[in-house]
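Peer 1: Throughout the sequence shown, residue numbering follows mature numbering (1 follows the signal peptide of the UniProt record, and there is no 0), covering -32 to -1, 1 to 764 in sequence.
Think of the CB as a built atom: it goes at the ideal place given N, C-alpha and C, for glycine as much as any other residue.
Quick one: the structure is below, questions incoming.
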Amino acid sequence: MPAGEKHGVGTMRPVVLSLLFFLLLATDTNVASSVLASVKFTPSDNYLLDCGASTSTQLNDGRVFRSDPQSSSFLSTNEDINVSADNSTADLSVSPLYLTARVFNGRSTYSFFVSKPGRHWIRLYFYAFANAKYNLTSAVFTVSTDDIVLLHDFTPDSPASAVVKEYLVGVSGDKVSLTFAPKKGSLAFINAVEVVSAPDNLIADFAAAISPAGQFNGVSKLALEVAYRLNVGGREIVPVDDTLGRKWRTDGGFLKVPAAAQNVSVSTKTIKYPDDGSVTPLIAPSTVYSSADEMANSNTADPNFNITWEMAADPAFSYLIRMHFCDIVCKSLNTLYFNVYINGLMAVSTLDLSSLTSGLAVAYYKDFAVNATTITNSTILVQVGPNPDSASGTPNAILNGLEVLKMSNAAGSLDGLFAVDGSYHGGAAPGSIATKVVPGVGLALGALTMGLVVIFTLAEVREATKNFDEKEVIGIGGFGKVYLGMQDDGTKLAIKRGNPSSEQGINEFQTEIQMLSKLRHRHLVSLIGCCDENNEMILVYEFMANGPLRDHLYGSAGHPPLSWKQRLEVCIGAARGLHYLHTGASQGIIHRDVKTTNILLDENLVAKVADFGLSKAAPSLEQTHVSTAVKGSFGYLDPEYFRRQQLTEKSDVYSFGVVLFEVLCARSAINPALPREQVNLAEWAMQCHRKGQLEKIIDPHLVGIISPASLKKYVEAAEKCLADHGVDRPSMGDVLWNLEYALQLQDAVMEHPGEGSSDEKANHVAQESPVRKGDEGHAVINDDSTPIAGPLFQGR
């Protein structure tokens, strides 16, 4: 080989190695450089219609919307009606898409052929401009696809505001249809329509479930409505700047305490996407990941202080929440640890972004499924805050982007309970037994203000109960008899018929409707409706197939004894229901009659609290108690309430403590047949516990089955509930936490029988179990009900 060639290779080698090292450094095995930000998506279907326009319309972002003549083949309608905004009143500041509209006076359908099945965006543009001939502000109509109701009885909120409704729906066939159906005597209209393909992997089929914790599957089968899409800490992103033509709003208007957050941003060129393709610019553009909100004054932040975003939500629907993260605030790895909460429930504990992404400034997102039962006050709260238990790192928390999407319900609807075929999927179907839904409940109730309830006619109730056949009686209480009712479609109902001559019955009837018509929760029995006709007082509830808890404790009604785990799960469910009552509404509710006959079990042994006839509104923040005549059931009655006639939530806690011992011992709260010292279960159980003899009164079916650690934690919770003074009793949130912990201790023994002592297993569970401290030092459980105390402070 010539010497010159050899010399040339020798002198070039260091340069090549340096370049190779630089390339390896720049293209880390875990992340790709920000050149991925240039990824483009070309939709296979891209229909853009400017309805009512005579010529095509080009927007500033370059997109061209077809005119009506160009898109006439897509539409099937009985009459062509194109309208324009009156020149004298037209708002020229709005998009040109809003200056014309297509009006429908009868059912009309757009049909779009699909070249590739899969997820498609549907965007509907509405603007009720002034027109001399048609009053668009009075329009009432329904919009649906072939199988999804998008809007039901929709009407413009305001003639002065433009509205874009954005959906993500699955298309399985070769076309997608959009049907506009005006309500009788009204009209429908639309200003513009988009039907555009979306990437197949944009939404995964699963999400992390918040309550109960686990994994929610089947997202791909659901239609989604975009409720909010926020570029947190950054500017508004218009469609032309987004990889999929989406609009991202700023988050400032949704911060509950704006002073709690401060904006931070970096160059988009520093943002990296994972090399495995788990996150791409199609999920969110680098503009989203390059800005964030972080804790204000993070170096001195109170570890119990959070950033909170508050958004209105429909409590009848579940939601998919996508949170975007990118650590653009840290200088080194593993220095940022924070918690994420949704509706007061722990979503992620000790989130360490750099560990998950193996780097800094790497895009990451996570999806959460939020059950409708966790939505209180028609609000979704998203919070991030420092992990108070983290010993390392600077107290801080960040969020880069937030998307909130409503999920379609069992009716296949994103707006109400009616399916595309018009069938009703609510608690009682019109035409079967319930005939109307109104915001009042009959003349006898005067001007009571309540939520919506279904009004049944007396004839319908008679038909459902076989004319109040005594053979259909499934229970008897202080209010009256409870009958099994049957709808035409086979749905079972529990129908409670009160005594019309009882003044107490009238009060309980009104109270029950007032309370339950406003409440919906997995662990509260649902009120479907009522009948207030011919002096009848009838309440209609969901049917609870397994009846009261009491029947499962004493071997009555042929029920086999519940296992210890089943008893714990039932108590946890009831505790969740009571915790929701105390904290879930704008003003808490005190049940006032907690007992085992008022805890009902459905076909899956899910516990639900029932019978709200004695319930009272809890004291306000300015009050310590409610003064009221003493009511309740002997054996469960709070002695302090009995003495002082001052009612608080802690009265329910006392009663629940009695329930806990009743569940453990399988004997009634009061049994006059026993020796005097044993008549009252609460007193007898506490006496045995103090003597260390509690095992003598435990249900024989449980002997040898309960883990000692689980029993200890359970009895500890029950004992605290029975404290003489209410101020010394725990909150229902604390009780719930202890019961959840007792279940974990029992599960640890059941999953690994014979492996180590129960104390060792209990210690293992204790290390794994996250404890959150409330503002009074109490531990707080991740409940499926409502925002609760703890590191969830929304401001100072």
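Kindly provide the ranges of any beta strand (DSSP E) runs that are 3 or more residues long and lie completely inside the segment 61 to 120, ordered along the chain.
Peer 2: You should have 68 to 72, 76 to 81, 86 to 94 and 109 to 112.
Peer 1: Fully enclosed by the segment 194 to 272, which alpha helix (DSSP H) runs are 4 residues long or longer?
Peer 2: The segment 194 to 272 contains these whole alpha helix (DSSP H) runs: 254 to 257.
Peer 1: Per the contact definition of three or more C-beta pairs closer than 8 Å, is the segment 10 to 21 in contact with the segment 147 to 160?
Peer 2: Because the criterion of three Cβ pairs below 8 Å is met, the segment 147 to 160 and the segment 10 to 21 touch.
Peer 1: Can you tell me whether PHE285 is buried or exposed? The criterion is at least 16 other CB atoms within 10 Å of its CB, across all chains shown.
Peer 2: When all chains shown are included, PHE285 counts as buried.
Peer 1: Quick check on VAL647: does DSSP put it in helix, strand or coil?
Peer 2: It is coil, neither helix nor strand.
Peer 1: For ALA686, tell me which candidate among LEU530, LEU373 and VAL631 has the shortest Cα-Cα distance.
Peer 2: Measuring from the Cα of ALA686, the nearest candidate turns out to be VAL631.
Peer 1: Would ASN302 be called buried (16 or more neighbouring beta carbons within 10 Å of its own) or exposed?
Peer 2: Exposed, since its Cβ has fewer than 16 Cβ neighbours within 10 Å.
Peer 1: Do VAL194 and HIS292 count as a contact pair if the criterion is CB distance below 9 Å?
Peer 2: Not in contact: HIS292 and VAL194 (Cβ atoms no closer than 9 Å).
Peer 1: Applying the criterion that 16 or more other CB atoms from any shown protein chain within 10 Å of the CB defines a buried residue, is PHE610 buried or exposed?
Peer 2: Exposed, by the Cβ-count rule.
Peer 1: For GLY541, tell me which candidate among ASN467, VAL695, ASN572 and LYS152 has the shortest Cα-Cα distance.
Peer 2: If we check each option's Cα against that of GLY541, ASN572 comes out closest.
Peer 1: Return the chain-ordered list of same chain residues with a C-beta closer than 8 Å to the C-beta of GLY660, the five sequence neighbours on each side being excluded.
Peer 2: Excluding residues within five positions, none has a Cβ falling inside 8 Å.
Peer 1: Quick check on HIS693: buried or exposed, where buried means 16 or more other Cβ atoms within 10 Å of its Cβ?
Peer 2: Result: exposed.
Peer 1: Applying the criterion that 16 or more other CB atoms from any shown protein chain within 10 Å of the CB defines a buried residue, is ILE343 buried or exposed?
Peer 2: ILE343 is buried by the Cβ-count criterion.
Peer 1: When you compare each of THR341, ILE205, GLU608 and LEU324 to ASP244 by their alpha carbons, which one comes out closest?
Peer 2: When each option's Cα is compared against that of ASP244, the closest is LEU324.
Peer 1: Please say whether LYS224 and ARG197 have beta carbons closer to each other than 9 Å?
Peer 2: Their beta carbons are not under 9 Å apart, which means ARG197 does not touch LYS224 by this criterion.
Peer 1: How big is the Cα-Cα spacing for LYS374 and PRO167?
Peer 2: Going by the C-alpha atoms only, they are around 19 Å apart.
Peer 1: Quick test of the definition: if touching needs 3 or more C-beta pairs under 8 Å, does the segment 552 to 569 touch the segment 693 to 708?
Peer 2: Judged by Cβ distances under 8 Å, the segment 552 to 569 makes no contact with the segment 693 to 708, as fewer than three pairs qualify.
Peer 1: Taking buried to mean at least 16 other C-beta atoms within 10 Å of its own C-beta, is SER675 buried or exposed?
Peer 2: Buried: at least 16 other Cβ atoms inside 10 Å.
Peer 1: Does DSSP put GLY445 in a helix, in a strand, or in coil?
Peer 2: GLY445 falls in the coil class under three-state DSSP.
Peer 1: Does DSSP put GLU371 in a helix, a strand or coil?
Peer 2: The answer is strand: DSSP assigns GLU371 an E or B state.
Peer 1: Skipping 5 residues on each side, what residues in its chain have a beta carbon closer than 6 Å to that of GLU371?
Peer 2: Closer than 6 Å at Cβ, skipping near neighbours: ARG197 and ARG290.
Peer 1: Bridge partners of TYR287, per DSSP?
Peer 2: TYR287 pairs with VAL338 and LYS374.
Peer 1: When DSSP builds the beta bridges, which residues end up paired with HIS292?
Peer 2: Beta-bridge pairing links HIS292 to TYR333 and GLY369.
Peer 1: Check whether the Cβ atoms of SER179 and THR147 sit closer than 9 Å, and answer yes or no.
Peer 2: No, Cβ-Cβ distance for SER179 and THR147 is not below 9 Å.
Peer 1: In the DSSP assignment, what residue or residues form a beta bridge with GLY541?
Peer 2: In DSSP, GLY541 forms no bridge with anything.
Peer 1: Rounded to the nearest angstrom, what separates ALA337 and THR347 at their Cα positions?
Peer 2: So the two alpha carbons sit approximately 15 Å from each other.
Peer 1: Among GLU262, SER678 and ALA585, which residue has its Cα nearest to the Cα of ALA228?
Peer 2: Here the closest residue by C-alpha is GLU262.
Peer 1: Can you give me the C-alpha to C-alpha distance between PRO249 and VAL7, rounded to a whole angstrom?
Peer 2: Between PRO249 and VAL7, the C-alpha separation is close to 6 Å.
Peer 1: If you reduce the DSSP assignment to three classes, tell me which class TYR622 lands in.
Peer 2: DSSP places TYR622 in helix when its eight states are reduced to three.
Peer 1: Using DSSP bridges, identify the partner residues of GLN455.
Peer 2: According to DSSP, which records beta bridges pairwise, GLN455 is partnered with nothing at all.
Peer 1: Quick check: what's the CA-CA separation for VAL352 versus TYR135?
Peer 2: So the two alpha carbons sit approximately 27 Å from each other.
Peer 1: Can you find the residues in the same chain that come closer than 8 Å, C-beta to C-beta, to GLU617, ignoring five residues on each side of it along the sequence?
Peer 2: Result list for GLU617: HIS550, GLY556, ILE558, ALA586, SER699 and MET700, in chain order.
Peer 1: Could you tell me which of GLU504, ILE506 and GLU510 sits nearest to ILE496, measuring between CA atoms?
Peer 2: Of the candidates GLU504, ILE506 and GLU510, the one whose C-alpha sits nearest the C-alpha of ILE496 is GLU510.
Peer 1: For LEU104, I'd like the list of residues in its chain whose CB is within less than 6 Å of its CB, leaving aside the five on either flank, ordered along the chain.
Peer 2: Once the five neighbours on either side are set aside, the close Cβ partners of LEU104 are ALA96 and PHE157.
Peer 1: Considering just the uninterrupted stretch of the beta strand (DSSP E) at GLU510, what are its terminal residues?
Peer 2: Residues 506 to 510.
Peer 1: Hey, would you say VAL208 sits closer than 9 Å to GLY30, going by beta carbons?
Peer 2: A contact, by the Cβ cut-off of 9 Å.
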